[in-house]
Amino acid sequence: MKKKSPNFRIGNGYDIHRLVKGRNLIIGGVQLEHPNNLGLDGHSDADVLSHSIMDALLGALSLGDIGKYFPPSDKKWKNADSLFLLSKVIDLIRHHGWEINNIDSVLVAERPKIMPHIKLMKKNISEILNIDENLIGIKATTNEKLGPEGREEGISCHSVVLLEKK
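Positions in the sequence shown are counted from 1; adding 97 to them yields the numbering used here.
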């Protein structure tokens, strides 16, 4: 006998983008200033927070990843606003009959300091997802100068979501 689908689903998302000159540094829909004038490289605006949340949402329902819905080979998504992409993903999740219970994300970056911007990031994401800010956890840490984040070669984000059947 097949197991019945549970009323809760957990999704895990991860994203990393390289820091480069000549690009904006946008995280959670907030434009940050890097001390070396670096930004995140990617096909869209390279918002690692939004991307990791999207992958967590899609993964919770076994719907693939953001590359399936917004492929980098499609010029339509060039420099796309990741909050707009997130709005499309949440529409898909709700179409399947699920709602967000909560989100927990960890950003990993040596610089710039993320903490002063978390409140605005939560506001932006809560507005796009139409959920209370208290359902969104965003934390920031460094890699203690280890790995690509520690060497300031990139910024990464891990996200976990809990979905509940409507």
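Glycine is no exception: its CB is placed at the ideal position from the N, C-alpha and C atoms. Values in this document were obtained by computation on a predicted structure and should not be read as measured data.
- [ ] Can you have a look at L243 and say buried or exposed, based on whether 16 or more other CB atoms are within 10 angstroms of its CB?
- [x] exposed
- [ ] Can you give me the start and stop residues for the alpha helix (DSSP H) that G164 sits inside?
- [x] 163-166
Open item on the list: For D112, list the residues DSSP reports as bridge partners.
Closed with: C254
Task: Exposure of N221, with buried meaning 16 or more beta-carbon neighbours within 10 Å - done: buried
Open item on the list: In whole angstroms, give me the CA-to-CA distance for E207 and L260.
Closed with: 31 Å
Task: Buried or exposed (CB count within 10 angstroms, at least 16 for buried), S159 - done: exposed
Open item on the list: Quick check: what's the CA-CA separation for L135 versus K263?
Closed with: 42 Å
TODO: Please name the residue or residues paired with F105 in a DSSP beta bridge.
DONE: E261
Open item on the list: Helix, strand or coil, according to DSSP, for L206 in the structure here?
Closed with: One detail in the question is off: residue 206 reads as Ala in this sequence, not Leu. A206: coil per DSSP, three-state reduction.
Task: CA nearest to the CA of P209, picked from G194, I187, E224, I123 - done: I123
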